[in-house]
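Below is one structure, written out as structure tokens; the observations come after it.
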Amino acid sequence: MGNMARRLQPAITIRSARATELLRKLVKPGHSQAEVIEQALEQMAAGRQSLAAALTPSVALDFDWEPPRANPAFRPADLSD
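Quick look at the structure:
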């Protein structure tokens, strides 16, 4: 879409006083509001992790998933008689 003339691209409407104020601060001479928004979105997309990467622990975890085996020799004696 970068090669397509701006007037031929689909419009995006933002109704936000905060966004308007931020765009006023960020738009510099020679740049358009669309360029500022596109750059911000590109930065956000580049920094985003995949779901798998986000869920992968930073330190490998090792669990013993097998439960202890039942052993009648270790069962406590029933002395309630």
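Residue numbers (my numbering): -11 to 69.
Beta carbons are placed, not taken as given, at the ideal position from N, Cα and C, and that holds for glycine.
Since this is a predicted model, take the numbers as computed values, not measurements.
Name the two residues that bound the continuous alpha helix (DSSP H) containing residue i.
i, result
"L14", "A5 to L14"
"G18", "Run containing G18: none; DSSP gives neither H nor E here."
"L43", "L39 to L43"
Pick helix, strand or coil for residue i, following the three-state DSSP scheme.
i, result
"R(-6)", "helix"
"I0", "coil"
"E54", "coil"
"A24", "The displayed chain sequence assigns Val, not Ala, to residue 24. In this structure, V24 counts as helix in the three-state DSSP scheme."
"A48", "coil"
"L29", "helix"
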